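Colleague: For our numbering, add 63 to where a residue sits in the first sequence, where the first one is 1.
Glycine included, each C-beta is placed from N, C-alpha and C at the ideal position.
Note that the structure is a prediction, hence the values are computed from the model and not measured.
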Amino acid sequence: MSDRYEFEAVEQKWQRHWAETDQFRTEMLPDRPKFYILEMLPYPSGALHMGHVRNYSLGDSIARFRRMQGYNVLHPIGWDAFGLPAENAAIKNRIPPGKWTQDNIARMKRQCKRMGWAYDWSREVTTCLPEYYRWNQWFFLQMYERRLAYKKKGTVNWCRECQTVLANEQVVDGRCWRDGSQVEERELEQWYWRITEYARELLEDLDRLAGWPERVLTMQRNWIGRSEGAGIQFPIEGVADPIQVFTTRLDTIFGATFLVLAPEHELVRRWQDDPEQGPELRAFVEEMRQQDRESRIAEGGEKRGVFTGQWARNPYSGERIPIWTANFVLLEYGTGAIMAVPAHDQRDFEFARKYDLKIRVVVQSEGVPAEGELEHAVADYGVLVNSGEFTGLSSEQAQRVMGEAAREQGFGEATITYRLRDWGISRQRYWGTPIPMINCPKCGTVPVPEEDLPVLLPEAEGLELGGSPLARVPEFVNTRCPRCGGEGRRETDTMDTFVDSSWYFFRYADPHNDQLPYDPEVVRYWLPVDLYIGGIEHAVLHLIYMRFFNKVMRDLGLVKLDEPVKTLFTQGMVIKDGAKMSKSRGNTVSPDEVVEEYGADAVRLFIQFCAPPEGELEWNHQGLEGCSRFLRRLWRVAQEHRKIAPTRQGRGTDESRALLRKLHQTIEKVTQDLERMHQNTALAAIMELLNQVSVYHDGEGADRSLLQQVLETMALLMSPFAPHFAEEMWELLGQPPGTAATSSWPAFEPELAREDEIQVVVQINGKVRSRFAASPAISGEEMEARALADERVQAHTEGKTVQKVIVVPKKLVNIVVR
RNA sequence: GCGAAAGUGGCGGAAUUGGCAGACGCGCCAGAUUUAGGAUCUGGUGGGGUUACACCCGUGGGGGUUCGAGUCCCCCCUUUCGCACCA
Numbered sequence: 064m065s066d067r068y069e070f071e072a073v074e075q076k077w078q079r080h081w082a083e084t085d086q087f088r089t090e091m092l093p094d095r096p097k098f099y100i101l102e103m104l105p106y107p108s109g110a111l112h113m114g115h116v117r118n119y120s121l122g123d124s125i126a127r128f129r130r131m132q133g134y135n136v137l138h139p140i141g142w143d144a145f146g147l148p149a150e151n152a153a154i155k156n157r158i159p160p161g162k163w164t165q166d167n168i169a170r171m172k173r174q175c176k177r178m179g180w181a182y183d184w185s186r187e188v189t190t191c192l193p194e195y196y197r198w199n200q201w202f203f204l205q206m207y208e209r210r211l212a213y214k215k216k217g218t219v220n221w222c223r224e225c226q227t228v229l230a231n232e233q234v235v236d237g238r239c240w241r242d243g244s245q246v247e248e249r250e251l252e253q254w255y256w257r258i259t260e261y262a263r264e265l266l267e268d269l270d271r272l273a274g275w276p277e278r279v280l281t282m283q284r285n286w287i288g289r290s291e292g293a294g295i296q297f298p299i300e301g302v303a304d305p306i307q308v309f310t311t312r313l314d315t316i317f318g319a320t321f322l323v324l325a326p327e328h329e330l331v332r333r334w335q336d337d338p339e340q341g342p343e344l345r346a347f348v349e350e351m352r353q354q355d356r357e358s359r360i361a362e363g364g365e366k367r368g369v370f371t372g373q374w375a376r377n378p379y380s381g382e383r384i385p386i387w388t389a390n391f392v393l394l395e396y397g398t399g400a401i402m403a404v405p406a407h408d409q410r411d412f413e414f415a416r417k418y419d420l421k422i423r424v425v426v427q428s429e430g431v432p433a434e435g436e437l438e439h440a441v442a443d444y445g446v447l448v449n450s451g452e453f454t455g456l457s458s459e460q461a462q463r464v465m466g467e468a469a470r471e472q473g474f475g476e477a478t479i480t481y482r483l484r485d486w487g488i489s490r491q492r493y494w495g496t497p498i499p500m501i502n503c504p505k506c507g508t509v510p511v512p513e514e515d516l517p518v519l520l521p522e523a524e525g526l527e528l529g530g531s532p533l534a535r536v537p538e539f540v541n542t543r544c545p546r547c548g549g550e551g552r553r554e555t556d557t558m559d560t561f562v563d564s565s566w567y568f569f570r571y572a573d574p575h576n577d578q579l580p581y582d583p584e585v586v587r588y589w590l591p592v593d594l595y596i597g598g599i600e601h602a603v604l605h606l607i608y609m610r611f612f613n614k615v616m617r618d619l620g621l622v623k624l625d626e627p628v629k630t631l632f633t634q635g636m637v638i639k640d641g642a643k644m645s646k647s648r649g650n651t652v653s654p655d656e657v658v659e660e661y662g663a664d665a666v667r668l669f670i671q672f673c674a675p676p677e678g679e680l681e682w683n684h685q686g687l688e689g690c691s692r693f694l695r696r697l698w699r700v701a702q703e704h705r706k707i708a709p710t711r712q713g714r715g716t717d718e719s720r721a722l723l724r725k726l727h728q729t730i731e732k733v734t735q736d737l738e739r740m741h742q743n744t745a746l747a748a749i750m751e752l753l754n755q756v757s758v759y760h761d762g763e764g765a766d767r768s769l770l771q772q773v774l775e776t777m778a779l780l781m782s783p784f785a786p787h788f789a790e791e792m793w794e795l796l797g798q799p800p801g802t803a804a805t806s807s808w809p810a811f812e813p814e815l816a817r818e819d820e821i822q823v824v825v826q827i828n829g830k831v832r833s834r835f836a837a838s839p840a841i842s843g844e845e846m847e848a849r850a851l852a853d854e855r856v857q858a859h860t861e862g863k864t865v866q867k868v869i870v871v872p873k874k875l876v877n878i879v880v881r
């Protein structure tokens, strides 16, 4: 065999070895500490991209590191296999979605193995298989039984491209999160999951997620959007039911000079038949309905509205105030109706100005001009004026006292409102989990009995896809009602694919269970996930759904945990030429090609070395070459080392001591850096060590056994990052083949890492002027004396007075002179 | 508009706690080797200044705290991200 490092042969050799020995299979070992490391499962879209390579390489280095540290490591992978791309590809290429998906999985699995990632493939989970999705249906039934699943007719987000409904979380800036097309509103009957039931807990438990990035916590807090305030009822003239309004500023209610309802508000709809105001109202509502979100924003916040012709009464003051409808009040938030206080709310102020409505100051604070001279609303807290019996109270007091008063008199109370809406899970598409419900003309909506699960997705062969395909399969739709035995029709919508990813990582713990989604005892051993790595883009989608699911499963008695993921790590994007790699931009780099050219190890090294994992990574071909060069250099040193005569000795020299010291400093650094996800600096430390090793190796009197020890340790330190290379080097050094990955992580010995000489820095007025070497045992007094005796220091202090000397033990002396 | 994070050589970045700014890699320069190119090896590489030292400047800008600030505080600028008529 040549001395050259042949990555292709080496990587193949070890990949075969790992497969043959089933090295990464994991068993439950209750007496060993476990470590569950998880990366977000890929959607099988065709081929791995660099984002995957980064995500999974980072996870793999941690998995391998923890295994060597003695943890029983669970490191699984699977496929988020249901979803629209499969269906769209099927329509385009006339391939059944299942086949398209399985072909992609096969290809991506080959790529994963080619990268050398240490997965336990026996736990592979594929969400489009009945053995998995039957449990989605099972969960649905459990939720239905507990009234956490319900059917409701209402306005939904409709994506024309996808021909399906989207959840609120899947609408970004009024556009579909997948294809960026405009989202429309539609009236549909849909299944919802009552995530709002858990709004409070989902919010409060964020405080307990100490291992999550602040950024994600903030995004989730904003998404859940808690507001504290009061719900107040305003009686309407001529209508039995009052209007319910939500406000966070109850203290300003005496300044409420009109009410505003959202154009979609149910009362507004009713009033359109009114002979007088009706036509104008109808025209306005119709216009608002036509308008999409985009153009609403484009109008630049221009407020528009019409008077409904109706009047309400302020429950505190009895004042008669007009009811309007306007574009700036949103049905989705609060109750879809507001009390307008133009003096103290800028939006209300603008509206009042435009339509010449009354403006009344009711809170006096600094800088509030005389009434009539207001140029904008003043939202500050202050002291109440013009507020009947509440005049003179502070805003804070007033909110409390007035809430109390409302409750006593029965027209309102203090309430909390969330922005979070229930999770709409119905999708009018084929490639997803069928919702296990049956509609019976006699019994209504009837759940499929548990023993009849799974409700199988029918074959796609010959099926026209798009627009609720299941509704066109009579054998699927027509069934018997489980309750009365009469004719029934199946629900033809499928579930949102985010259902699949909400609990897949529980399934990894017990992937072949056919009695339950998983055995709670097994999950109790493996969960929570100790480290979860993925992109930030799921901050309010997947990462909130899975928290919700965990809490539901807890309440079903399936887990004891409140939160499923201990530490979350969000890795940065891979970019090229300043932009995210994407097919549409044409700036992608294919993992297959670079692996073929440089090998999996070099790619893994580069992608972990060249940027901090949480930051963006700019693809740089020359950087990749640098990492490949580093491997070749290390290989060369290991090769040449073998040729040194075994009798040669040189131990005891300063260089040998220095190298041993550097080795242990490197062990410490790499260990600490892997513990805090700083793969980039861990690798830099190993490179530094190699630099010192090659100088030592090429120099006089290199000690063979020391070199042997250093190189063996380096092979182990490299094992998490470049596992094939590490095994080959380990074997080259005479170690039992294939045991580097299962060896213990090198032990750091502080005595060997300790410097026997330290460099003391001498500053004058904070500027470094000199330095000297000293024993680590040097005392403060001695440091000061030596610093003051220093020639250069004397030159600088001549003719000046030493005012003060600061001594930082074992580090520095700062002499303050004037 | 509100909120958060970040701004360090030609480039990616390092500096875990307020204590030698620029580790490591890329690139570049010089040398060795080579018929040549490539590859490899050695040395150098923040700016100014000097034969060389000394010395001066330097972490977006301005101010402050401190013996000492990339790091802490205040103001400003820029960029990125999130939220955005949220009542």
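What does a CB cutoff of less than 7 Å around R79 pick up in its chain, not counting 5 residues either side in sequence?
Modeller: Once the five neighbours on either side are set aside, R79 has no close Cβ partner at all.
Colleague: What are the boundary residues of the alpha helix (DSSP H) that includes T716?
Modeller: Neither: T716 is in no alpha helix (DSSP H) and is coded neither H nor E.
Colleague: If we count the other Cβ atoms within 10 Å of its Cβ and call it buried at 16 or more, is A319 buried or exposed?
Modeller: The residue in question, A319, is buried, as its Cβ has 16 or more Cβ neighbours within 10 Å.
Colleague: Could you tell me whether the Cβ atoms of V441 and V425 are closer together than 7 Å?
Modeller: Cβ distance not < 7 Å, so V441 and V425 don't count as in contact.
Colleague: Rounded to a whole number of angstroms, what is the C-alpha to C-alpha distance between L204 and P510?
Modeller: Their backbone Cα atoms lie some 7 Å apart in a straight line.
Colleague: Could you compute how far the alpha carbon of W221 sits from the alpha carbon of E395?
Modeller: Looking at the two C-alpha atoms, the distance is approximately 16 Å.
Colleague: Is L322 closer than 7 Å to A273 when the C-beta atoms are compared?
Modeller: It is not a contact, given that the beta carbons lie outside the stated cut-off.
Colleague: Along the chain, where does the alpha helix (DSSP H) that runs through P786 open and close?
Modeller: That run of the alpha helix (DSSP H) goes P786 to L795.
Colleague: For T802, name the three-state secondary structure that DSSP assigns.
Modeller: Reduced to three states, the DSSP call for T802 is coil.
Colleague: From which residue to which residue does the alpha helix (DSSP H) around F693 run?
Modeller: Here the alpha helix (DSSP H) through F693 covers H684 to K706.
Colleague: Please name the residue, chosen from R490, P499, K639 and N613, that lies closest to P583 on a Cα-to-Cα basis.
Modeller: Nearest C-alpha to P583: N613.
Colleague: If we count the other Cβ atoms within 10 Å of its Cβ and call it buried at 16 or more, is K725 buried or exposed?
Modeller: Flag for K725 reads buried.
Colleague: By alpha-carbon positions, which one of A836, K830, R832 and N828 ends up nearest to E820?
Modeller: Here the closest residue by C-alpha is A836.
Colleague: Just to confirm the assignment, what range does the alpha helix (DSSP H) spanning F539 have?
Modeller: Its alpha helix (DSSP H) spans residues P537 to V540.
Colleague: Within the segment 516–590, note down every full beta strand (DSSP E) run reaching 3 residues or more, in order along the chain.
Modeller: Here the runs fully enclosed are 541–543 and 550–553.
Colleague: Using 8 Å for Cβ pairs, my map puts M846 next to V823. What's the rounded Cβ distance?
Modeller: The pair is a contact, with the Cβ atoms about 6 Å apart (cut-off 8 Å).
Colleague: Exposed or buried, which one is M64 when buried takes at least 16 other CB atoms within 10 Å?
Modeller: Residue placement at M64 is poorly supported in this model, since its pLDDT is 38, which falls under 50; the coordinates still yield a value, given next. With fewer than 16 Cβ atoms within 10 Å of its Cβ, M64 is classed as exposed.
Colleague: Less than 8 Å between C-beta atoms, sequence neighbours within five positions excluded: which residues of the same chain meet that for G146?
Modeller: Y106, W494, G495 and T560.
Colleague: Count the other CB atoms within 10 Å of the CB of Q685; is the residue buried (16 or more) or exposed (fewer)?
Modeller: Q685 is exposed by the Cβ-count criterion.
Colleague: Is it right to say A72 is buried, meaning 16 or more other beta carbons lie within 10 angstroms of its own, or is it exposed?
Modeller: So A72 ends up on the exposed side.
Colleague: Tell me the residue span of the alpha helix (DSSP H) that contains R127.
Modeller: Taken as a continuous stretch (DSSP letters only), the alpha helix (DSSP H) holding R127 covers M113 to M131.
Colleague: Count the other CB atoms within 10 Å of the CB of N828; is the residue buried (16 or more) or exposed (fewer)?
Modeller: The residue is exposed, with fewer than 16 neighbouring Cβ atoms inside 10 Å.
Colleague: Using a Cβ-Cβ cutoff of less than 8 Å, which residues in the same chain neighbour C175 once the five nearest sequence positions on both sides are dropped?
Modeller: Counting only Cβ-Cβ distances below 8 Å, and skipping sequence neighbours, we find L111, Y119, I140 and Y182.
Colleague: I want to know whether the segment 144–163 touches the segment 573–589 - three or more CB-CB distances under 8 Å.
Modeller: Touching, no.
Colleague: Please state the DSSP three-state secondary structure of K874.
Modeller: The answer is coil: DSSP assigns K874 none of H, G, I, E or B.
Colleague: Specify the secondary structure class of F317 as computed by DSSP and reduced to three states.
Modeller: F317: helix per DSSP, three-state reduction.
Colleague: Within 10 Å of its beta-carbon, does L746 have 16 or more other beta-carbons around it, so buried, or fewer, so exposed?
Modeller: Buried, because 16 or more other Cβ atoms sit within 10 Å of the Cβ of L746.
Colleague: Starting from R223, follow its DSSP beta bridges and name the residues at the other end.
Modeller: Per DSSP, none; premise fails for R223.
Colleague: Which residue marks the beginning of the beta strand (DSSP E) containing G475, and which one marks its end?
Modeller: Segment G475 to Y481, the beta strand (DSSP E) holding G475.
Colleague: Rounded to whole angstroms, what's the CA-CA distance from R67 to D717? Just pull it up for me.
Modeller: In a straight line, the C-alpha of R67 is about 32 Å away from that of D717.
Colleague: Between the segment 258–273 and the segment 330–346, do three or more beta carbon pairs fall short of 8 Å?
Modeller: Segments in contact, no.
Colleague: Taking the alpha-carbon of E327 as reference, which of Q354, T310 and P432 has the nearest alpha-carbon?
Modeller: Closest by alpha carbon: Q354.
Colleague: One question on the structure: do F98 and Y134 come within less than 7 Å of each other, judged by their Cβ atoms?
Modeller: The answer is yes: Cβ separation under 7 Å.
Colleague: Beta carbon of G179, beta carbon of A663: below 7 Å?
Modeller: Cβ distance < 7 Å, so G179 and A663 count as in contact.
Colleague: Could you spell out where the alpha helix (DSSP H) holding G843 opens and where it closes?
Modeller: Counting along the chain, the alpha helix (DSSP H) containing G843 begins and ends at G843 to A852.
Colleague: According to DSSP, simplified to helix, strand and coil, what is R79?
Modeller: R79 falls in the helix class under three-state DSSP.
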